[in-house]
Amino acid sequence: MESILQLIVSGVAMGFIYALVGIEYTLVWNSTGLLNFSHDKFIMLSAYIFAGTFVVKMGLPPAVGVIASLLVMFIFGMLVAVGIFNPLRSMASPIFAVMGTVVLGRIISEMVRLIWGPIPFTLPNYLTGTYQLGNIIIGRVNVWIIVISSLLVAALQIFFKTTKTGKAMRCVQQNKKAATLMGIDVSKNIVFTIVLSSLVCTVIGMLVIPLFTVDTSMANMIGLKGFSSGVIGGFGYLPGVIAGGVFLGVLENFSTIVLPAVYKDCVGFVLMIIFLLVRPSGILGHRKNLR
Amino acid sequence: MKTILRTENVVKNFSGLVAVRDLSFEMAERNIHALIGPNGSGKTTTINMITGAFPVTSGRIFYGDTEISTMPTHQIARLGIGRTFQNLKLFTSMTVMENLMVGGHQMMPSGILRFLIDPATSRKEEKQVEEKAKQVLDFIGMYDLKDEKVSSLPYGRQKMTELGRALMMDPKLLFLDEPAAGLNPSERVEFVNIMLKTFDLGIDLFLIEHNMDVVMNICSRITVLNFGAKIAEGTPDEIKNNDEVIKAYLGNRYQSEKA
Amino acid sequence: GNSQSSGTSGSPSASNAAAGKKFDGKITIGVSAGITGSIPMAGERTLQGVKMAVEEINAKGGVLGKELVIEVADDQSNQSVVINAVNKLASNPDVVAIIGPHLSGSVMAASDTLKKAKVPFLSQGTSPKLRTIGNEYLFKIRPCDAISAEVAAKYAVEDLGAKKVGISYNNNDFGVGGKGVIEAYLTKVGIPFVSEGHNSGDKDLTGQIMKLKNENVDAVISWTDDAESALTARQFYELHLNKPVITSTATSTKQVLDLIDEKAVEGFYSVCDFVITDPSAEVQDFAKRFQAKYGIAPDQYAGNNYSVTYLLADAITRAGKADREAIREALASTKGVKGLSGTYNADSNNELIHECKLVQIKSKVPQVIKTISVDVK
Amino acid sequence: MKKIKIALMVLVFVLLIAFPMLDGNLYHQQLMNQVFVNIIVVMGLNFITGLTGQMNLGTAGIFALGAYASALMCTKLHTPVWIGFPIAILVGFLIGRGLGYPSLRVKGVYLSLTTIGFSEVVRLILTNAIDFTGGSQGVQNIPFLNLFGFEFNTPFKIYYLYFGLAIILAIAAARVVSSKWGRVFKAIRDNSDAVEACGIDVANLKILAFTMAAIYGCIGGFLYTHMMGYINPTAFNQDLSVNYLVMMMIGGIGSVAGNILGAVMVTLLPEILRFMQNYYWLIFSIITLIFAVFLPNGIVSLFKKSERQEKHFNIFHSIKKATEVWGGRLAK
Amino acid sequence: MLKINKIDVFYGKVQALFDVSMEINDKEIVSIIGANGAGKSTLMKAIAGLNKASSGSIEFMGEEISNIRAHKIVHKGIVYVPEGREVFPEMSVLENLEMGAFNRKFSKTELNNNIEESYALFPRLKERSKQLAGTLSGGEQQMLAICRGMMSDPKLIMFDEPSLGLAPVTVSEMFDAIVKIHENRKIPVIIVEQNAFMAMSISDRTYVMEVGHMVQCGNSQELLNSPTIKKAYLGG
Ligand SMILES: Nc1ncnc2c1ncn2[C@@H]1O[C@H](COP(=O)(O)OP(=O)(O)OP(=O)(O)O)[C@@H](O)[C@H]1O
Ligand SMILES: Nc1ncnc2c1ncn2[C@@H]1O[C@H](COP(=O)(O)OP(=O)(O)OP(=O)(O)O)[C@@H](O)[C@H]1O
Ligand SMILES: [Mg+2]
Ligand SMILES: [Mg+2]
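Okay, here's the thing in structure tokens:
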């Protein structure tokens, strides 16, 4: 019993990380119709900027580092959007956009290796420690993650549903020409989206440091799991992403009871395929046309 | 007179919204039949159900004696039912000729293995279909444009290309969804001529059209829909003077114009 | 060709110019390392170790009066790329021997090519599988897992008195190889065990740990790579798996210890070969010089590859000529050459090191408890 | 113009025949063999992603299954090596059916995510089903290909075999691309509803495209396995799938010549750039990105440029002519 | 109000407009007619900024706009209702209408007034206000596109084939509506139409285009009676 509870708690904790990643790509998807296959690298890059440069090298207090990293990633997002995403999105085939993001990811990881070196590191005493309830243990950082991702989803949901910019982003995804004719600056909107996604990645990158340590492949796995959780939650539907992430996290952990633990990763992918084929509306049953 | 197309109590329900209700009608062979009705009255939906693009919610559809209401689109098409679309659905990355060749794809029966092993046969097939495509292009007056990308053609030519593509399958029955929309009066005359020539080839036509000049002049029978239900059926003269149709669809101005 | 290789060894030539010596030609050794790819750190450290040794050797007059130069090929730690890397090196007739590739999987992939090209190569691969590939050109410079994993298992049973052992392994060539050895030993001595695997890159081991907890094991052997070792230690601690833990080399290296809270690794045992707290004068001296040169502490990639560069130089000297076949023979007859992780003695498997150390982590410092050697067959 | 083209092709062909005799460097030969394998895989991918427009990110999975099928057959069951070839085709056929099915239900990114899932599951199963696949330690001692007692055991011999196969498969692919199949695949990409309305079974064709992709992919895997002699699951990762897409994109989507150029470039460029040492992979990635952004029609478009410009003028003239014709008809 | 001076427009290397000039005065309805491919839409797009004129000038209320990006032109008050509807398929009818007012900072009541006005024009839209626009029938989408264009109280509105796909009764309603809009708001309207008769009946002046050239311009009533126009564009 105790171990089941622990599995649930850890699963939920992990699930929220998946959800955070899912949120990020849902964001990009909802407003550009692109999938950012380099988001794991964005996450990794921001962890390096925050931990490697601001905290370790410059010795800034983490709070200041957070702001500085958000700033740097803001600019980075802007550059990437203007230089790469905007040209790619207007190309004939979506293959270009996908490939462009993947190649961008490779470039980021090579740059990181060359700039910060290949040695993994972490920040001692940064969001470490655990809370204990009876025999059930949860990391302090996990609590942070749960709180922040919930707030983020709520904020983004309000943003998309109620603000003009949010709506404009949805328009841009659905019909760029018509969006222009409504007076929406399509390019600026895409830049804005990528910047926003880059900021969400920064938040993720800074939050997972105590759990993942900082290295060039730190986010590879959550990159893909984020896709799964998005699909399970109903593609493009923000509240669903959290449900999907948590569902995936818990189910993965439960799978270790019946299957060898090495099959844990399979669970996510098999689940993703099943949902795509059988229940594309996701676990919350959000209706959306498949395109 | 033989019936070529018959629907029995066809219903289409889009999660609560009934787009077509209890529609029964018959279309006789060697006929140009029109389906008219206000916007959103379910005309396109009806064609979509007949051609298999949407499944019917209930009811049955017969093509001759064959029930087609449960068949997949491509099988229905193979029975000899061609169509054009209200919003153009062309292969935009291809030339006019290639668009037509896709329309004639079914005329080339050899499978991929046969194709790889026996190039001569497939080359012969291809030649035949190409010949046919040229005839069709000539027929629709677009031979000169055969090597142009369809996406760079004006709207009218694109519509014509769609018609040509449908003709490539040698259909017996052709559905045209608003063929004259977007054409100016003289182009319309040209299109109508081509439609009549098509009819003379032995192809029955079923058309949806909002242009009453076209409908009233070439159709022998008209079915009128309103809110998904049939409200009238008859010859152009009957329809022209049907008060309900005038009220729901034609409007008084049309009446006065004609008067 | 050669012009590139001198580029990589620019500094050695500089230092020998300072020493005012004239070399009579060059001897090229190839290095196949994962500089990019999934474990770039290993590649960088390997290169640092080799370069440092090459500089020192050249400063002392080179080998056979010739200058030692290296030609580096990135193998991305990926089996397909490894083939290109070693092929590139082997197809250069100047390359007389190759250091690397590092991973056992890469060695398997490269083995045939190098065997055909008759190039001796020295790898850090430790998988027992390497014993079965029958390539006389392959030399293994670290203790085979058949040795070190057994040391871990033996220690758990004999010294820690475990009645039931948990095994936590990485599901890759390295972890699975080690796990096989441990399981075989425990079966032999009749001690029950539970094995729980994880995949490289996993970030949460709760499932595995809860199983180990529920099975009430007395000790855990963790056979996994750097990042996963850090994760294992942290989660064992957080989930209160308060049992003695014996790990593979990872937890004895500084870069892994840096990733873990002091409390989480306190008392861990680690089976290793090169360790910077090795009290021997050679190791201490090397560690100091390495730290001075690169500003970081050396790890086993650096230490072992530094050491093996000397071994290779020694073999070339013993062969008397820079010839692939002659060097292979010299390497195969290595006897009693001192290195940083023990004495190199070639056995019939071309394994060169037959001893390992057991260390315990105290306040993040690995303390050597004992050195275990096995007989050279 | 056409004559020059043919002459050029003959020249390249002769050079390729002579290459291993002129250049005895095993590394170069081995690289060329990899190029041939990659060409085959990319030409397959071209059917499904290039022509039909179905985003397939599961090439690594296809490739891996082709590789493992043959490797396991001849190491575990000790079947003759050549059997791997028909087996690869069979496996490809089965995968094509299996992978084609989801493509009937989902499109675009949804499909690419499904194929990613497929490929990851394949990799994880190959890693974890240790008793069957050897797990992460892989399959070793895979024999070389042999035919009628002749063993293809050096890069030199392999070169001619793979070169020949690549040519045969390229001719087949080029024929398919320029035939009614290629045309109808492209039509599906443009508008699958309309294809259905032409009486064509789109489901069948999508599966056909997937099947051909998978067969080419599995043949590639088969050739790879007998060239390497050792395989393990780590190489068959997402990066590999992406690499094949990059090859297709850089060469020119939809064209066999483009596939070939792309495979050549993406396989050889990093090797050529090795002299840049620490920076080579970065430079390579940047070059790829530059190609994607500035040469969206691929390397082939460089050769086609002049043609296309001519065509633009043609369009205008023929439209004008046609309009005149129409006007003339109206006048009478 | 709008003054187009000798513009050329190219698609790639193909020239679609040659030296086209045109003028629209305050409070005027102008119709443009011409065969398929004559370049009517191209001209509209050039005004809306979707195509760029390679030479010549476009002045709106005295300001040169030919080099301003499309979305900025909307902010200047020029609204283009494109051919082919171009609705936002995955947004509801209501949301589509709201997006029509994107470039304006309207209060809730102003917005609602405009929406109500649209609904009054085409009651069908009110019935379907929650339906996703992508699932509307062709004609319904056309109604939506027209109303969406009106949402931002433009200073100049251009309709590209607004009657396309509308039922006859709706066509006359729509033209009535355009006249009404014009009278209520006192804004100039440009209509590109294949239904030349209708367009010319409600417009003050008419321009005629042929193969990229502006060939004729004049009082609509006069042109309506011109035999050549009758022959070529009125099917008479
Ligand atoms: N994107 C494009 N690329 C190339 N040529 C184009 C493009 N769009 C239009 N054209 C060409 O420019 C010319 C003018 O087209 P335009 O769409 O302006 O005509 P139109 O008068 O609006 O006709 P319609 O009545 O069909 O709408 C035509 O010859 C057309 O083929
Ligand atoms: N997928 C769908 N989901 C919901 N409602 C739909 C869907 N498709 C069509 N409808 C609705 O069904 C009704 C009938 O649509 P249909 O397209 O058949 O009209 P139509 O008679 O062709 O009109 P038009 O003349 O405007 O083209 C419309 O009110 C439309 O909004
Ligand atoms: Mg319709
Ligand atoms: Mg137009």
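Residue numbers (the numbering used here), protein chains in the order written: chain A, 303 to 593; chain B, -7 to 251; chain C, 102 to 478; chain D, 431 to 762; chain E, 2 to 237.
Ideal Cβ placement from N, Cα and C applies to all residues, glycine included.
From a predicted model like this one, the values you see are computed outputs, not experimental measurements.
CB-CB under 8 Å to residue i, same chain, minus the five flanking residues each way: which ones, in chain order?
i, result
"B/P64", "G44"
"D/G692", "V472, V676, M677, M678, M679, I680, G681, G682, G728 and I729"
"B/S7", "none"
"D/Q739", "In this predicted model, D/Q739 has a pLDDT of only 43, less than 50, meaning its place in the structure is not dependable; the value taken from the coordinates is given anyway. Closer than 8 Å at Cβ, skipping near neighbours: no residue."
Could you check whether residue j and residue i sit closer than 9 Å to each other, using their CB atoms as the reference points?
i, j, result
"A/S451", "A/I386", "no"
"E/H214", "E/V21", "yes"
"D/N463", "D/P585", "yes"
"D/I492", "D/G647", "yes"
"A/G468", "A/M316", "no"
"B/T76", "B/L165", "no"
"C/K439", "C/C373", "no"
At what residues does the alpha helix (DSSP H) containing residue i begin and finish?
i, result
"E/G150", "G139 to M151"
"E/M210", "Premise fails: E/M210 lies in the beta strand (DSSP E), R206 to E211, not in any alpha helix (DSSP H)."
"E/I32", "Here the sequence assigns Ser to residue 32 of chain E, which means Ile is not the residue at that position. Where E/S32 is concerned, there is no enclosing alpha helix (DSSP H), although the beta strand (DSSP E) it sits in stretches over I30 to G35."
Quick check on this structure: which residue in the options has the alpha carbon closest to the alpha carbon of residue i?
i, options, result
"C/I136", "C/T129, C/V170, C/Q149 and C/I128", "C/Q149"
"C/F222", "C/D359, C/V208 and C/R232", "C/V208"
"D/I716", "A/N555, A/V580 and A/S411", "A/S411"
"C/R425", "C/K217, C/D326 and C/G226", "C/K217"
"C/R232", "C/A420, C/N451 and C/L342", "C/N451"
"D/L653", "D/Q459, D/L438 and D/N468", "D/N468"
Start and end of the beta strand (DSSP E) containing residue i?
i, result
"A/G407", "Counting along the chain, A/G407 falls outside any beta strand (DSSP E), though it belongs to the alpha helix (DSSP H) covering P396 to W418."
"E/M159", "L157 to D161"
"C/H299", "F294 to H299"
"C/Q461", "E456 to K463"
"C/Y256", "From DSSP, C/Y256 is part of no beta strand (DSSP E); its letter is neither H nor E."
Is residue i close to chain F? Criterion is C-beta to C-beta, closer than 9 Å.
i, result
"D/H508", "You won't find chain F in this structure, because its protein chains are A, B, C, D and E."
Can you list, in chain order, the residues of its chain with a C-beta nearer than 7 Å to that of residue i? Leave out the 5 residues immediately preceding and following it.
i, result
"E/R129", "V94, L137 and E141"
"D/K741", "For D/K741, the predicted model reports a pLDDT of 42, less than 50, meaning its position is unreliable and no value from the coordinates is stated."
"A/Q459", "L540 and P541"
"C/V164", "I128, I158, A414, I417 and T418"
"C/Q468", "T378, V460 and Q461"
Ignore the nearest five residues each way along the sequence and tell me which others in residue i's own chain have a CB closer than 6 Å to its CB.
i, result
"A/I575", "none"
"D/E737", "For D/E737, the pLDDT reaches just 45, beneath the cut-off of 50, and the residue's location in the model is therefore unreliable, leaving the point undetermined."
* To do: Check each residue of the region 147 to 179 of chain E: if its Cβ is closer than 7 Å to any Cβ of chain B, include it; give the result in chain order.
  => Listed in sequence order: E162, L165, G166, L167, A168, P169, V170, T171 and S173.
* **Against chain E: residues of the region 483 to 501 of chain A by CB proximity under 8 Å** => Taking 8 Å as the Cβ-Cβ cut-off against chain E, the residues of the region 483 to 501 of chain A that qualify are L483, M484, G485, I486, D487 and V488.
* Asked: Taking any Cβ of chain A, which residues in the region 339 to 354 of chain C have a Cβ under 7 Å from it, in chain order?
  -> For the region 339 to 354 of chain C, which is checked against every Cβ of chain A, the residues closer than 7 Å are E339 and L340.
* Could you please tell me which residues of the region 58 to 86 of chain B, in chain order, have their CB closer than 8 Å to any CB of chain E? => Result list: Q78 and N79.
* To do: Determine which residues of the region 3 to 18 of chain B have a Cβ less than 9 Å from any Cβ of chain E, and write them out in chain order.
  => Residues F6, L9 and A11.
* Taking only beta carbons into account, state which residues of the region 552 to 579 of chain D come closer than 9 Å to chain C, listed in chain order. => Here the close residues are L554, T557, N558, I560, G565, S566, Q567, G568, Q570 and N571.
* To do: Identify each residue in the region 126 to 148 of chain C for which the Cβ-Cβ distance to at least one residue of chain D is less than 7 Å, and report them in chain order.
  => Answer in chain order: I136 and T137.
* **Interface positions of the region 211 to 232 of chain B facing chain E (Cβ-Cβ less than 8 Å), listed along the chain** => Residues passing the 8 Å Cβ filter: none.
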